[in-house]
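Everything below concerns the one structure shown next.
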Amino acid sequence: MPELPEVEAARALIEAHALGRPIAAVDDRDTYVCRPHGVGELSDALVGRTLTRARRIGKSMWVETDEGEGPSLGLHLGMAGRMVFISEDVSAGTSYAGDPMSATELAGEAGGHPDPRSSGNPAWARFTVEFEDGAALILFDKRRLGRAVLNPDLSGLGPDALEVPRAVFAERVGAGTAPLKARIMDQSVIAGVGNLLADETLWQAGLSPLRPAGELTDEERAHLWRTLRRCTRAAIKHGGVHTGRFIPYRRRGAACPRCGTEPVRATVGGRTTWWCPEEQT
DNA sequence: AGCATTGTTTCACA
DNA sequence: TTGTGAAACAATGC
Numbered sequence: 003m004p005e006l007p008e009v010e011a012a013r014a015l016i017e018a019h020a021l022g023r024p025i026a027a028v029d030d031r032d033t034y035v036c037r038p039h040g041v042g043e044l045s046d047a048l049v050g051r052t053l054t055r056a057r058r059i060g061k062s063m064w065v066e067t068d069e070g071e072g073p074s075l076g077l078h079l080g081m082a083g084r085m086v087f088i089s090e091d092v093s094a095g096t097s098y099a100g101d102p103m104s105a106t107e108l109a110g111e112a113g114g115h116p117d118p119r120s121s122g123n124p125a126w127a128r129f130t131v132e133f134e135d136g137a138a139l140i141l142f143d144k145r146r147l148g149r150a151v152l153n154p155d156l157s158g159l160g161p162d163a164l165e166v167p168r169a170v171f172a173e174r175v176g177a178g179t180a181p182l183k184a185r186i187m188d189q190s191v192i193a194g195v196g197n198l199l200a201d202e203t204l205w206q207a208g209l210s211p212l213r214p215a216g217e218l219t220d221e222e223r224a225h226l227w228r229t230l231r232r233c234t235r236a237a238i239k240h241g242g243v244h245t246g247r248f249i250p251y252r253r254r255g256a257a258c259p260r261c262g263t264e265p266v267r268a269t270v271g272g273r274t275t276w277w278c279p280e281e282q283t
């Protein structure tokens, strides 16, 4: 689920609820999600400190501790991760993106009837930060492809897709021989665009995912930059990339909501890709 | 049973 | 050396 819009919602959740609370305990026993750290490493580094700022580039976020004096906590949601904050104050119980979940529901066992399909399944809590006041910040991830790591290396990331200036975007995206979709999903070129946001943006921009990135005109690059910003902002506002206009039509037998043509499917940049062959050229 | 999955890393190859 | 694409990763869901 998580692309830039979901991660931004998670970052905002941390910023709104988890800052300023001294850390009492950390559960880092899942050494796959917390790798390369061993059990207790994140705990030793974080207990006694306080989260002071939540930041994000693309799909990667990190939380500074003790005004930058302590280590930073890197968090990545992977393919299916979500951040949840719970506290005694039930009204604050919420998840990262338009899918509020009460503390009662999150209690799972305590509720008596935990839904195994729920992302709040207690068994899917892969990393937990408990605060002295009883609140907790939890990374739920049914597939364990998310990450919690100290002092994350973000040097391989390009500029954030929402922050990158138009001219920089044009220079970085409008180069190379790879298909356009692969180019905008390359996190070292620009950071934050995933499979669904890429399909949505290219559909809205009327550009084929197969176009060699380096062959775009100046006008097309500028148009793509504006369209990507609009799609990303809309996804943040509406609760995630799945709210995109084109997303429901990424399936066999559908009809493009603008022209009625059946979308086509192919693998582009290693990912399943759907587009309108009539309008996207 | 088999295939697909909103992400990232590693590896093979041109 | 650089760029590109496939496979692997974990664990479901259909």
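Under the working numbering, the first residue of the first sequence is numbered 3, with each subsequent residue one higher. For each residue, glycine too, the CB sits at the ideal point set by N, CA and C.
Asked                                                                                                        : Found
Beta carbon of V1 nearer than 8 Å to that of L6                                                              : In the structure displayed, the chain extends from 3 to 283; residue 1 sits before or after that span and is not available.
Minimum C-alpha distance to A163 - residue among S62, R231, R145, A207                                       : R231
Rounded Cβ spacing between M85 and L139 (contact assumed at less than 8 Å)                                   : 7 Å
The region 149-168 touching the region 57-73, judged by at least three CB pairs closer than 8 Å              : yes
Exposure of V266, with buried meaning 16 or more beta-carbon neighbours within 10 Å                          : exposed
Residue span of the beta strand (DSSP E) that contains E66, given as start and end                           : 62-67
Helix, strand or coil at T245 according to DSSP, with G and I counted as helix                               : helix
Collapsed DSSP secondary structure at R145 in the structure displayed                                        : coil
Residues that DSSP places opposite D29 in a beta bridge                                                      : T130
Cβ separation of G271 and A184, assumed to be a contact under 8 Å, to the nearest whole Å                    : 3 Å
Cα-Cα separation, V131 to E90                                                                                : 15 Å
8 Å Cβ cutoff met for L75 and L15                                                                            : no
W277 - partner residues in DSSP beta bridges                                                                 : V266
Inter-residue Cα distance where the pair is R213 and P181                                                    : 5 Å
Rounded separation between E264 and A172 - CA only                                                           : 30 Å
Every unbroken alpha helix (DSSP H) within the region 197-257, with a cutoff of 4 residues, ordered by chain : 197-207, 220-240
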